[in-house]
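Read through the structure below, which is laid out as structure tokens, and then see the notes.
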Amino acid sequence: LIETVDYSIAYATGGISFANSQQNHNVNFVYSYDGKVTIATSTPRTVSQIYDYTHAQKEEVFTTFDGTTYTSYLDIQLGTSTNSGFIEQATTKKVNFKAGYGWSAGDPDGSTKNIDSDTWNFIWGAEPTGTFSRQYTYDLTVTNVAGQAVTSTQITLTDYNDEQIFQATTVDDGTIPTQTFTYATYASTTESVLQKVGPFNFKAVKYGFTPVDLTKDWDAKTVESLTLTSDPYVVLSELDALALTGITLTTSTDVKYGEEATTTCSTSCYLKNTPVDQSKFFGIYGWNGTSENTKLVEGTHFTINYGTGVITFITSQSGRTVNFVYSYAGNVTISESHTTSEIYDYLYYKKAKVFTTFDGSTYTSYLDII
Numbered sequence: 001l002i003e004t005v006d007y008s009i010a011y012a013t014g015g016i017s018f019a020n021s022q023q024n025h026n027v028n029f030v031y032s033y034d035g036k037v038t039i040a041t042s043t044p045r046t047v048s049q050i051y052d053y054t055h056a057q058k059e060e061v062f063t064t065f066d067g068t069t070y071t072s073y074l075d076i077q078l079g080t081s082t083n084s085g086f087i088e089q090a091t092t093k094k095v096n097f098k099a100g101y102g103w104s105a106g107d108p109d110g111s112t113k114n115i116d117s118d119t120w121n122f123i124w125g126a127e128p129t130g131t132f133s134r135q136y137t138y139d140l141t142v143t144n145v146a147g148q149a150v151t152s153t154q155i156t157l158t159d160y161n162d163e164q165i166f167q168a169t170t171v172d173d174g175t176i177p178t179q180t181f182t183y184a185t186y187a188s189t190t191e192s193v194l195q196k197v198g199p200f201n202f203k204a205v206k207y208g209f210t211p212v213d214l215t216k217d218w219d220a221k222t223v224e225s226l227t228l229t230s231d232p233y234v235v236l237s238e239l240d241a242l243a244l245t246g247i248t249l250t251t252s253t254d255v256k257y258g259e260e261a262t263t264t265c266s267t268s269c270y271l272k273n274t275p276v277d278q279s280k281f282f283g284i285y286g287w288n289g290t291s292e293n294t295k296l297v298e299g300t301h302f303t304i305n306y307g308t309g310v311i312t313f314i315t316s317q318s319g320r321t322v323n324f325v326y327s328y329a330g331n332v333t334i335s336e337s338h339t340t341s342e343i344y345d346y347l348y349y350k351k352a353k354v355f356t357t358f359d360g361s362t363y364t365s366y367l368d369i370i
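For the sequence shown, position 246 matches number 246 in this note's numbering, and the numbering has no gaps at all.
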């Protein structure tokens, strides 16, 4: 029989619809099913190597028409019970699957780097499974408004919960070493539903330039450029700021995700430590009315007194788990005579955004000054 003329079939489920009734007729099925390619080695493999290997085995189960987009006719499992598995590319490649087939990860885990797909479909087996991480690379060039490379710029990226992913410093040509970030993870418990690691928190700090604080939502290999603008309120050179004495910064203490969690909040709650350093990341993760473990929005889901740590929830957290991420306390001790401008420059050199100004006359301190 001829497909689309005499019948149609769903290859993933095996369901067949006949154009002409086959009742009282003998029907024979000839086909192959299941099968997979397993990558389990400490040495990452490329799609080209998978292509070459499967063809050397005289199996046309991993094909391409252009060397960029590949089609897999079998499942691809990254890792086994004893080894992890990795597919990594310097440039983006695409891997699509025929219906009914998809990715999986063995225990202990597997990952792809710079791999895209039209449909991220997962087929999880009965054997022990791990976490599948979907990773991409990130490259950055930092310049000033004149287009000149800016060296020694500190770049920091943290995840949705403010856990650090990487911290890198630009070199003479304004670039950072290529970094890797995980866009999302998958597991057997969530099947083909991705668990995003971001949105990401991006910071760029360089003495003499206005700090950059952005939210990033990357989902692919990313190459970016960043232009820094000069801070008009910095007076001293970097060396002179470093040479200042009689100023001591005691940084605030960080409370990381999971360190201060509770199930006792309802319409009110409080932080265990105060005052809150508002120059740093602050997040409350809880029930937003639709989803659990979501970063709540101040003014929409809660209000807070940063001095006392008292929180009033607009969206009730009764019976929900609430996580607090914040920093508290900290001070600046002045033991010699200094101008506000010198304090500003010194703390700027320390990469601490705890003493700010918008006009060079009015300053705001985020920490105690002793």
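C-beta: ideal position from N, C-alpha, C; glycine also.
query = CA-CA distance, Gln23 and Phe29?
reply = 15 Å
request  = Pick out the complete beta strand (DSSP E) segments inside the stretch 170 to 230, 3 residues or longer, and give them in chain order.
outcome  = 179 to 186, 200 to 205, 212 to 216 and 222 to 228
Validate contact between the stretch 177 to 192 and the stretch 117 to 125 using beta carbons, cut 8 Å, 3 pairs = yes
ask   = By how many angstroms is the C-alpha of Asp116 removed from the C-alpha of Asn161?
value = Taking the straight line from one Cα to the other gives about 25 Å.
task = State the Cα-Cα distance for the pair Ser32 and Gly110, rounded to the nearest angstrom.
result = 27 Å
query = So, using beta-carbon positions, are Ala389 and Asn288 closer together than 8 Å?
reply = Here the chain covers residues 1 to 370 and nothing more, so residue 389 does not appear.
query = Is the distance from the Cβ of Tyr101 to the Cβ of Tyr73 below 8 Å?
reply = Contact check for Tyr101 against Tyr73 passes: the beta carbons are separated by less than 8 Å.
Spatial neighbours of Ser230 in its chain, beta-carbon cut-off 7 Å, leaving aside the 5 residues before and after = In chain order, Gly208 and Phe209 place their CB closer than 7 Å to the CB of Ser230, counting only its own chain and leaving out the 5 sequence neighbours on each side.
message = So if DSSP puts Ser365 in a beta bridge, which residue, or which two residues, is it bridged to?
response = Paired residue(s): Phe355.
ask   = Roughly how many angstroms separate the alpha carbons of Gln148 and Thr156, rounded to a whole number?
value = 21 Å
query = What alpha helix (DSSP H) runs, 4 residues minimum, are completely inside the stretch 311 to 349?
reply = If we require 4 residues or more, the alpha helix (DSSP H) runs fully inside the stretch 311 to 349 come out as 340 to 349.
request  = Rounded to whole angstroms, what's the CA-CA distance from Val37 to Glu224? Just pull it up for me.
outcome  = 35 Å
message = My output table needs one value for Thr54: the three-state DSSP class, helix, strand or coil.
response = helix
ask   = Is the CB-CB distance between Arg134 and Tyr70 below 8 Å?
value = no
request  = Return the residue from the list Val234, Asp240, Phe281 and Gly198 that minimises the CA-CA distance to Thr357.
outcome  = Val234
key: Cβ separation of Glu85 and Ala40, assumed to be a contact under 8 Å, to the nearest whole Å   = Checking the displayed sequence, the identity of residue 85 turns out to be Gly instead of Glu. In this structure, Gly85 and Ala40 form a Cβ contact; the two beta carbons are roughly 5 Å apart against a cut-off of 8 Å.
inquiry  = Taking a contact to mean a Cβ-Cβ separation below 8 Å, would you say Gly35 touches Gln77 in this structure?
reply    = no
inquiry  = Please identify the residue among Asp66, Gly258 and Thr141 whose C-alpha is closest to the C-alpha of Gly286.
reply    = Gly258
message = Out of Tyr348, Ile50, Lys94 and Lys295, which one is the CA nearest neighbour of Thr321?
response = Lys295
query = In whole angstroms, what separates the C-alpha of Lys221 from that of Phe18?
reply = 45 Å
request  = Report the option in Lys113, Ser104, Thr267 and Glu298 whose CA atom is closest to the CA atom of Pro44.
outcome  = If we check each option's Cα against that of Pro44, Lys113 comes out closest.
query = Could you give the residue range of the beta strand (DSSP E) that holds Leu140?
reply = Phe132 to Asn144
inquiry  = Given this structure, state the Cα-to-Cα distance separating Ala241 from Lys93, to the nearest angstrom.
reply    = Using only the alpha carbons, I get a separation of about 48 Å.
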